[in-house]
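Put into structure tokens, the structure is as follows:
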């Protein structure tokens, strides 16, 4: 190896693309970070501080350049792949082919463990489809990436900072930042041997077959210095061999070694180099045989041997690149290089003179111009010190166009000109604050939220962060890892927006704080009302929200009941904000709405209140509580022809629509009421003219219906349907939405006034105060959505406070923000006024009320009792009635109704546009008392008549047909029956035992107090890795469960026995010792149970 020659004529800078004029102001360091030889083609790959990956041919002419890593992340590592090249940045992994096409791009949006990455290697020399990634963040461990699937296969806990990782056929060597080395077994994911290599850090490392070599630095008195020795290790005997000195007995003197690489062809030869420019080739079998060379350029930044061993590449500190090669060696970098492809330029000859108005000529045949210089349209904004030029005033452009001759033709074609509305569209040329992609990635992957998310005050009329459309809470650990406390610092819970119709959350938050409505709904839970699913599910939701403090609740069951009622009435809900990709997906779906009428939130408000009244009258002991609470009673008189005469009747309206046909015209000018009071008074008195056929004479004529108010309810629900002019007046009029008003009825006509002195009557006068309203928010970034302002009475302070409810964000707001309607991005749509005394009533609870729990002691069959029914449970008796503290074990199984839908952009980043929709399929509960330990008393299968995408049979044990009343031989019950049983057990104070209960309760849609939960998944947790129930049962209980399909009774019983084992270990003081052994043995088997032979 003593005949290497330097190619003096081929040194050239490879950083020319980093020194363009338009990059000189961005403040980013501009240099190359890494280079490698391609193992399969005659290419040299480089990475730089801009995240670009470039390749050069044997003549060092640019071949391909691509921005592999966005967000200004430098390239940390490069690795040759059979398909192209792998590149690594601090937060992303990128695979591209040799033509520059992205094959795989994973960021910390996809894998949360991607943080401060430094190095990567293949799982083994023969297993190149999987890659280990590691870095200096000790909380992320080692990530094993499957390149074929593009997913994280496993995350291995490793609590040390890593700066190098290399692999051979059997082992992987991990170079730690502390200077030591761990030998890692990929088969067992366990460290099998450790060496203390260098006292400060490792600077280079290579492994081949059973030989490992390292270079590093040691600590001096005041600084660190490069070690003059290269450490050598024999991986067969797991011992360190005598080190090899660098530049020994040479004219260069003694210098430290900074780079080392084993020769790819000659296994005993090692190349050792210093950053000063000296490098040796040493025979490890006889270290005295060596040849020293000196690179004539500047210091060495990176040095590598090609895969065939004939070329040595040197990247100097000034980014000049040169090569050394052996005489008579091949020009190829590899023995069998792939042919490189280049674009072809067909010569079509001179283009014909084609008219621009020739619409028959295909535009695809017109060549695109090529520019050598950088176009101004792609220049960085920092050059101009502004985001761009300010356009002409829009109003002036329209005015000039309207006054021009060209506008006459446009007006004739029906084109109208309108001035720009600042109140409607906001300030022109307003720029949104910039948030870097790196910050967005971090927020989404970690579940963190910006510091200003609770700001409610508008700056310069722009949309505050607290009012923005919140994203779905989809992180690596779903909603479990999201910091909800940062978006809710109040005693009231928010609602998850990961549902089919998230804008219905606004209605829930509006009515739950009205004492009369909330107290009545919750009081219905004292008895069984399985025939009124919408009313009872809303009552269960109110009860859950009332008992959940500063947390989050899901409206899954309520949404299902609402959708069933809407479908029964051939209705659907209007979606106001939906991603473009989701619209395309839904447009291709086979399940269309079938011509159903879509309800707006105003129409849904009226429909919901009407449906609740109807269910109350039919199924809740013929009560009329809700009707008297919020329904206005009207008298209706119909006038027709002489033979038809007059008829009269009563009409109850749960919601008053105000807005249409209120304006008056005088002297050609249209005027609107200057307050909402005028609209309310107009809505309470109305006269309608209908063109109908007389029932007596059969003649079709105009029939007049005169509607007069008879009784005012304590709660006034108002739906606002305003045109642009009326809304503009509302936004510009002070006190348009009053805090309170007074109303009375005199001679069947309503009187609505702002002061009690303005009403002179002997009849009852009602005082109404604003309870809250729902507003539509125009978010230019994420689409329109709805928020709720609610005024809540505090019984301790005897004061009202205003709160903003924006899905899972809840915050207290100042009163001035609520009454300020002048913001262009806010439009009220549903307003609630309540009787002053009614809004101050206390909220009632069910703690001290006797509840009907008979369903726990009897069977409820959905399709009568069948002889073929399979009963695997024994009902409770009154002698074993649950009491506070009674131990029960529970497990639930689920099926998938709709699979998850993604929006994948051109860079491979995935955005969830529709989350997976699951449904409860089976619930099993077993006894925990000593007499009948482990005997089940609930085993309910849930009726599901909707389409099921995936039964998840392997994990749920549910087979097709098990949930169909026509074919099933299981104990089938409706969802609300099974839910009431679990709710009753919670109300009775039972202690729930299970494995992964948080997920079970989430899908059951129930919130159990923490003091009633005993979760074995949490008790046997060390770090972040949860242990499966099967693994714990195998190791601790010596039983093998879940061998076939899962069975919820078996899982519940296993969790119960496991909890008893936990109490035993805790009392003996053996818990920590057993837990350490669990994870130590689990790492050797990848936490899996051995298969039976």
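In the working numbering, the protein residues as written are 5 to 1097. In this text, a Cβ means the ideal position worked out from N, Cα and C, and glycines have one as well. These numbers come from a predicted model, not from an experiment.
Residue-level contact to chain B via CB, residue i, 8 Å cutoff
i	result
residue 778	Going by chain labels, chain B is absent from the structure shown, which holds only one protein chain.
Through-space distance from residue j to residue i, alpha-carbon basis
i	j	result
residue 686	residue 898	51 Å
residue 1089	residue 901	34 Å
residue 964	residue 557	31 Å
residue 8	residue 190	38 Å
residue 945	residue 786	40 Å
residue 997	residue 891	7 Å
residue 514	residue 806	12 Å
residue 27	residue 52	14 Å
residue 662	residue 680	9 Å
residue 17	residue 504	56 Å
residue 618	residue 1020	45 Å
residue 1015	residue 145	33 Å
residue 61	residue 75	28 Å
residue 980	residue 622	18 Å
residue 68	residue 603	54 Å
residue 875	residue 976	11 Å
residue 495	residue 489	11 Å
residue 611	residue 860	34 Å
residue 1103	residue 314	The structure shown does not extend to residue 1103, since the chain is modelled only from 5 to 1097, so the question has no answer here.
residue 738	residue 729	16 Å
residue 277	residue 266	12 Å
residue 519	residue 804	14 Å
residue 316	residue 176	25 Å
residue 243	residue 237	6 Å
residue 1011	residue 552	7 Å
residue 279	residue 304	5 Å
DSSP bridge partner residues for residue i (one or two, in chain order)
i	result
residue 557	499
residue 715	637
residue 342	45
residue 816	807
residue 16	325
residue 1128	The question about residue 1128 has no answer, for the chain in this structure spans 5 to 1097.
residue 520	DSSP lists no partner for residue 520.
residue 1026	1029
8 Å contact criterion, which residue i and residue j should meet: CB distance rounded
i	j	result
residue 11	residue 329	6 Å
residue 470	residue 813	6 Å
residue 124	residue 92	5 Å
residue 19	residue 36	6 Å
residue 1049	residue 974	In fact, because the Cβ distance is near 14 Å, the residues do not count as touching under 8 Å.
residue 311	residue 247	That pair is no contact at about 27 Å.
residue 1060	residue 961	18 Å between Cβ atoms; not a contact.
residue 684	residue 722	7 Å
residue 575	residue 601	5 Å
residue 724	residue 833	5 Å
residue 526	residue 848	7 Å
Residues of its chain near residue i, where Cβ-Cβ distance is below 8 Å and the 5 sequence neighbours each way are ignored
i	result
residue 198	184, 185, 186 and 187
residue 140	120, 122, 165, 166, 167 and 181
residue 205	167, 181, 182, 183, 220, 221 and 228
Contacting residues, own chain, Cβ-Cβ under 6 Å from residue i (five flanking each side not counted)
i	result
residue 1031	1024
residue 529	543
residue 1083	1026
residue 163	142
residue 1091	1035
residue 94	77, 120 and 121
Cβ neighbours of residue i in the same chain (closer than 7 Å, five flanking residues each side left out)
i	result
residue 747	716, 754, 755, 756, 770 and 772
residue 549	497, 516 and 557
residue 743	773 and 774
residue 214	238, 239 and 240
Original post:
Which runs of the beta strand (DSSP E), 3 residues or longer, sit entirely within the region 246-329?
Top reply: 263-266, 273-277, 282-287, 294-298, 304-309, 315-320 and 324-329
Original post:
Which runs of the beta strand (DSSP E) fall wholly inside the region 738-800 and span at least 3 residues, in chain order?
Top reply: 744-750, 753-757, 769-781 and 789-798
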